[in-house]
Amino acid sequence: GTYAPTIQSKECYICPPGTTCEQEGLSEANICPPGTYHGTVEDDGASCVACPQGSWSKNWQLREKGECTRCPTGAVCDVDGMTAPCSKEDIPQVFEPVVNVNGL
């Protein structure tokens, strides 16, 4: 991943951590969205990488996996790339039928 900020640029610049340059011909690096991070092309490849299960992030432009926030006790982060942890209230409850007026 590289980019050239102007048409007159004589050289391309390596995309800084927290950004990605997946396409050719970019004039600026793309910032990694919440729930993702990107260090270097050597470490993370060309694309932003999702924060792993057990962590989340609401922030843009994370530069490494360690910047993802660990899920707090009592919360669930069961998929990659979460932008907010799930609390116990977010988990579906077991269906319990309501008894009608006649007790049926």
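Note that the numbering used here has the sequence shown beginning at 69, numbered continuously upward. Just so you know, even glycine gets a beta-carbon here, dropped at the ideal spot from N, CA and C. Keep in mind the model is a prediction, meaning the values are calculated, not measured.
Residue i: CB within 7 angstroms of a non-hydrogen atom of the ligand FAD
i	result
Gly122	Questions concerning the ligand FAD fall outside what the structure shown contains, since it holds no ligand whatsoever.
Selected residue, minimal CA-CA separation from residue i, among the options
i	options	result
Cys116	Ser123, Trp124 and Gly107	Gly107
Gly103	Gly122, Tyr81, Thr74 and Lys78	Gly122
CA-to-CA distance, residue j to residue i, given in whole angstroms
i	j	result
Cys139	Val147	12 angstroms
Ile99	Glu110	18 angstroms
Tyr81	Val144	39 angstroms
Buried/exposed call for residue i, threshold 16 Cβ in 10 Å
i	result
Ser125	buried
Ala174	Residue 174 cannot be examined here, being either before or after the span of the chain that is shown, 69 to 172.
Pro73	exposed
For residue i, three-class secondary structure by DSSP
i	result
Val147	coil
Any C-beta of chain B under 8 angstroms from that of residue i
i	result
Pro85	Considering every chain present, this structure includes no chain B. It has just one protein chain.
Residues near residue i in its chain [Cβ-Cβ closer than 7 angstroms; skip 5 each side]
i	result
Cys134	Sequence check: residue 134 is Gly here, not Cys. Cβ within range, chain order: n/a, list empty.
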